[in-house]
Every structure is written in structure tokens, then in C-alpha cells.
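When you line the sequence shown up against the working numbering, it's residues 1451 to 1665, in that order.
Note that CB positions come from ideal geometry on N, CA and C, so glycine has one too.
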Amino acid sequence: MSKKYKKQTKKQSEKIVQILIDEYKDAKCGLDFTTPFSLVVALILAAQCTDKRVNEITPIFFKKFNTIESVKDASLEDVMNIVKPCGFYKNKAHAIIQSAKIICDDFNGKVPDTMEDLTKLCGIGRKSANIILQECFSKVEGIAVDTHVTRISRKIGFSNGNSQFKIESDLLKTFDKKYWDKLNHVLVLHGRAICIANRPKCDICPISNLCNKND
Ligand code: SF4
1451 MSKKYKKQTK KQSEKIVQIL IDEYKDAKCG LDFTTPFSLV VALILAAQCT
1501 DKRVNEITPI FFKKFNTIES VKDASLEDVM NIVKPCGFYK NKAHAIIQSA
1551 KIICDDFNGK VPDTMEDLTK LCGIGRKSAN IILQECFSKV EGIAVDTHVT
1601 RISRKIGFSN GNSQFKIESD LLKTFDKKYW DKLNHVLVLH GRAICIANRP
1651 KCDICPISNL CNKND
């Protein structure tokens, strides 16, 4: 029989996240970008791929396609050839070209700055839109929930939701707004360094005595 899920209180949750914020002082977006559109491209490429690999490919991509219009007019084959090392390259190349078309045709060539409009782009869901809003437009409206945030939120006891939407909703209810912009970054770093999928290093974890260690 599986153990009963143990949830944290709001006070304890904020105490835990403050410890992680102190631990990962330099936590920031791991993707390199210079413009909102370069972050759109990086986020599309980052699905099932490491930030390191994406950061190797985006400079090559923008050397060849240095405007949104040039991406819009690019052939699928040309884009696929460049983004191939990031995996799922046909879908990703298609999403990049389609997003460039939507930005040019519907948003006057500018990446939009609302959740509603960003999620109209191809390959950009709520998670990526939250990151674009925060990083490019200084708008913190939600919390980007990725695989690390999902796994660790469950482990610690922040949320036992089964969807990214439910987990984000639980996190938004639990945490004061001042924590929202930092939550994704610190949980991603914690997930890479300590709370690794299937082999968490609880013995050296700075929140080990507070974590509920749910299954
Ligand atoms: S104590 Fe273990 S399960 Fe909890 S956050 Fe740390 S590494 Fe993860």
C-alpha cells in the first residue's frame, strides 16, 4: 500500500524555499538570449534537451537567421539542419517557423507580452510563457512548472497535483508573490544538483529535516 501524501503548511513551505534561495543565490534562467524572440526559439528547442546544448545551437541559428522575418521565410529543411542536435528537430523547426509567422502576421513583428497571446505561438505553453513574461517583460504572473518543479514539489509536499496546471495553482496559493519569480530557478538547480530524479541525495540536502520525502 502506498504511503499517504504529506502536505506542507504555508509557513513551512516558505521557510523551505527561503533556504533554497539562500543556497542557490545565483539562480537564473539557464538559457542564453538577447531578445524576446531569441528566448522563444531557445524555449522551443529546450523541450527534452539540455540548456547547454540549446546554448550551443542558438548562436549558430541566429547567425544564419538574424531577423524574425528571415525565420518566417526560412525553409523547414534549413531550420531542421541547424536545430537537429536538439532532438525532435522536425517538430521544433516547424514550431519556430510558425511562431515567427504568427509574430509577424498577428503581432506586428513583436513578441507579445501577455499570457493569452504568448500561448498562441506554436510550441509555447504556459510554462514557457511564464518564463518569457518574467525574463523579457518583468511581469510575474505565474510560476513556470517543468519536470524539476513537478517532481520536487511533490517530494517536499508543496503539491500532489497530477498536472502542471494544478501544481502551478497550488504553488500560487501557497507562496507569497515575492517568491514566484525565484521558485522555478531554485527548484531547477536543486533538481539538477541534489534532488535528482530517482536518486535524490537526501543525506546532503539542506532541507532534509523539513522535506516530507513523499513518494
Ligand atoms: S530531502 Fe531528499 S527528497 Fe527532499 S528535497 Fe532533499 S533530496 Fe529531495
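Apart from the five residues just before and just after residue i, which ones in its own chain have a Cβ nearer than 7 angstroms to its Cβ?
{"i": "P1562", "result": "L1568"}
{"i": "V1529", "result": "A1543, I1546 and I1547"}
{"i": "R1671", "result": "Because the chain here runs from 1451 to 1665, residue 1671 falls outside it and cannot be looked at."}
{"i": "F1483", "result": "L1489 and A1492"}
{"i": "N1505", "result": "L1481 and D1482"}
{"i": "I1469", "result": "P1656 and I1657"}
{"i": "K1570", "result": "I1552"}
{"i": "Y1455", "result": "N1610 and N1664"}
{"i": "A1496", "result": "L1481 and V1504"}
{"i": "A1647", "result": "R1601"}
{"i": "Y1539", "result": "M1530 and V1533"}
{"i": "F1515", "result": "V1521 and A1524"}
{"i": "N1662", "result": "K1456, Q1458, I1606 and G1607"}
{"i": "K1453", "result": "D1665"}
{"i": "C1652", "result": "S1658 and K1663"}
{"i": "K1688", "result": "No information on residue 1688 is available, as it lies outside the stretch 1451 to 1665 that the chain covers here."}
{"i": "D1556", "result": "none"}
Taking Cβ to Cβ, would you say residue i is nearer than 8 angstroms to residue j?
{"i": "Q1584", "j": "G1537", "result": "no"}
{"i": "L1493", "j": "S1578", "result": "yes"}
{"i": "K1632", "j": "I1532", "result": "no"}
{"i": "S1609", "j": "D1620", "result": "yes"}
{"i": "K1457", "j": "G1607", "result": "yes"}
{"i": "K1465", "j": "L1637", "result": "no"}
{"i": "T1624", "j": "S1463", "result": "yes"}
Assuming residue i contacts residue j (C-beta within less than 8 angstroms), just tell me the rounded distance between them.
{"i": "T1508", "j": "S1488", "result": "6 angstroms"}
{"i": "K1605", "j": "N1664", "result": "6 angstroms"}
{"i": "I1574", "j": "S1549", "result": "7 angstroms"}
{"i": "K1552", "j": "K1560", "result": "It should be pointed out that residue 1552 corresponds to Ile in this sequence rather than to Lys. Contact doesn't hold; Cβ gap of about 11 angstroms is too wide."}
{"i": "P1486", "j": "C1586", "result": "4 angstroms"}
I'd like the list of long-range same chain contacts for residue i, defined as Cβ closer than 8 angstroms, with 5 residues on each side in sequence excluded.
{"i": "M1565", "result": "R1576, A1579, N1580, L1583, E1591 and G1592"}
{"i": "H1635", "result": "Y1474, A1477, K1478 and C1479"}
{"i": "K1616", "result": "S1609"}
{"i": "D1501", "result": "G1480 and L1481"}
{"i": "N1558", "result": "none"}
For residue i, which residues from the same chain have a beta carbon less than 6 angstroms from its beta carbon, with the 5 sequence-adjacent residues on both sides left out?
{"i": "C1655", "result": "I1644"}
{"i": "K1589", "result": "L1583"}
{"i": "W1630", "result": "V1590 and I1593"}
{"i": "G1641", "result": "H1598 and I1602"}
{"i": "Q1614", "result": "V1595"}
{"i": "V1673", "result": "What is shown of the chain runs 1451 to 1665, which leaves residue 1673 out entirely."}
Does any residue of chain D bring its CB to less than 8 angstroms from the CB of residue i?
{"i": "N1505", "result": "The structure shown contains no chain D; it is built from a single protein chain."}
Is it the case that the CB of residue i approaches a heavy atom of the ligand FAD more closely than 7 angstroms?
{"i": "E1591", "result": "The ligand content of the structure shown is limited to the ligand SF4, which means the ligand FAD is not among them."}
Okay, do the segment 1513 to 1524 and the segment 1596 to 1603 touch, 3+ Cβ pairs below 8 angstroms being the bar?
Of all C-beta pairs linking the segment 1513 to 1524 to the segment 1596 to 1603, fewer than three are shorter than 8 angstroms, placing the two stretches out of contact.
Please write down, chain order preserved, every residue whose beta carbon lies under 7 angstroms from a heavy atom of the ligand SF4.
Chain-ordered, the residues whose CB falls short of 7 angstroms from any heavy atom of the ligand SF4 come out as I1602, K1605, I1606, H1640, I1644, C1645, P1650, K1651, C1652, C1655, I1657, S1658, C1661 and K1663.
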